[in-house]
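When the letters of the sequence shown are read in order and numbered with my numbering, they come out as residues 7 to 154.
Beta carbons are placed, not taken as given, at the ideal position from N, Cα and C, and that holds for glycine.
Remember, it's a predicted structure, so these values are computed and weren't measured experimentally.
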Amino acid sequence: MFRVEEGEVVIVNFMLELCNLLDGAAKTTVFHTLHVAAKLCPRVVTVAEMDTQLNVGPFQKHFVSALHFFSAMFDSLEAGMNRDSMHRLCMEQWLLGERIYTMVGGQDEGPWRRRLQTHADWRTALQAANFQPRPLSHYAVSQARILL
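Below is the structure:
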């Protein structure tokens with residue numbers, strides 16, 4: 007497994023990766039991954055995932071939820087980039103287009119189906135692996151407000 011030297015500080019960063027491990031209702035891969043991370047006794051664990059659930063319910067509900075979610079994503083691009091920007095075109099086509107396909111238009115199940123969970127679901131999964139939430143510092147909150 008991993009070798010941690012005495013006195014070494016371990017930090018685990020899950021940046022938009024746990025959603026790739028969701029394997030349907032059982033969520034066994036995420037559960038296993040979080041427990042492996044917990045065995046490392048990290049001082050800090052960060053999780054950054056999209057906060058939405060697009061993987062349950064009838065197709066119509068699933069589709070409407072995805073429509074609202076991706077409309078917000080496209081609105082944020084509209085606010086920050088010119089319509090004729092090549093960077094924007096690439097993001098729309100390769101990043102958002104691929105995500106739309108894997109969440110809505112792709113296969114119903116299988117390794118190519120991308121799933122997302124809500125903040126509450128991620129919190130529950132982390133707590134099941136014995137991670138405890140910590141409040142953000144005032145500085146971190148103010149920086150987040152500036153960025154948003």
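Going by C-alpha to C-alpha distance, which of the options sits closest to residue i?
i	options	result
residue 160	25, 34, 109	Because the chain spans 7 through 154 in this model, residue 160 falls outside it and cannot be assessed.
residue 13	153, 39, 49, 138	49
residue 79	56, 90, 124, 36	56
residue 133	41, 27, 90, 146	41
residue 35	102, 142, 135	135
residue 28	128, 104, 67	128
residue 25	90, 105, 96, 68	105
DSSP state of residue i, grouped into three classes?
i	result
residue 123	strand
residue 90	coil
residue 56	coil
residue 8	coil
residue 15	coil
residue 20	strand
residue 118	Confidence at residue 118 is low in this model, with a pLDDT of 47, below 50, so its placement is unreliable and no value can be given for it.
So, at 7 Å on beta carbons, what are the nonlocal neighbours of residue i in its own chain, with the 5 sequence-adjacent residues on each side left out?
i	result
residue 87	93, 94
Give every residue of the same chain whose Cβ lies closer than 6 Å to the Cβ of residue i, excluding the five residues on either side of it in the sequence, and list them in chain order.
i	result
residue 37	none
residue 43	18
residue 153	none
Whole-angstrom Cβ separation of residue i and residue j, contact assumed at under 8 Å?
i	j	result
residue 130	residue 59	Not really, about 13 Å apart at Cβ, beyond 8 Å.
residue 83	residue 98	7 Å
residue 76	residue 102	6 Å
Got a sec? Which residues, its chain only, sit under 8 Å from residue i by beta carbon, not counting five neighbours each side?
i	result
residue 138	none
residue 46	8, 10, 16, 18
residue 147	none
residue 144	none
**OP:** Determine contact between the segment 14-22 and the segment 34-53, defined as no fewer than three beta-carbon pairs at a distance below 8 Å.
**Re:** Yes: at least three Cβ pairs fall under 8 Å.
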